[in-house]
Each structure stands twice: as structure tokens, then as C-alpha cells.
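**Student:**
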Amino acid sequence: VDYVEPSQNTISLKMIPRIDYDRIKARMSLKDWFAKRKKFKRPPQRLFDAEKI
205 VDYVEPSQNT
215 ISLKMIPRID
225 YDRIKARMSL
235 KDWFAKRKKF
245 KRPPQRLFDA
255 EKI
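Throughout, the numbering used here is defined as the position within the sequence shown, counted from one, plus 204.
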């Protein structure tokens, strides 16, 4: 319950969805899960080069 207004007999509800990660992992095998996780790697850090800009 987010807010209750007794004079007008109204209430305001805030709905928050819950994500079930167990169902997501069950659909995806562990090998696929790790492959997908490794797929989105950040590029390695480099020193700033002002001449490239």
C-alpha cells in the first residue's frame, strides 16, 4: 500500500514485479549461461591518446 485516503475511500498501490531467476536458469543450461556471460566482456583499458581525437 502506497497511500491511503480515508475521506474518499481510496488507496494507492505500488506493484513491484518479482523476477524468478531459478526459472530463467532452468531454461538455460549452465554452459550456455557461462558462454553468454563471457560474450559481453568489456574491452581492456588503454591509455588516453589525444592524437586519436
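Even glycine gets a Cβ: it sits at the ideal position worked out from N, Cα and C.
It should be emphasised that the depicted structure is a prediction, and the values quoted were computed from it without experimental measurement.
Roughly how many angstroms lie between the CA atoms of residue 206 and residue 240, to the nearest whole one?
**Tutor:** Cα-Cα distance, rounded: 38 Å.
**Student:** Starting from residue 215, trace the beta strand (DSSP E) in both directions and tell me its first and last residue.
**Tutor:** Note, residue 215: beta strand (DSSP E), 214 to 216.
**Student:** List the residues that DSSP assigns as beta-bridge partners of residue 255.
**Tutor:** DSSP, once it has assigned bridges, lists no residue as partnering residue 255.
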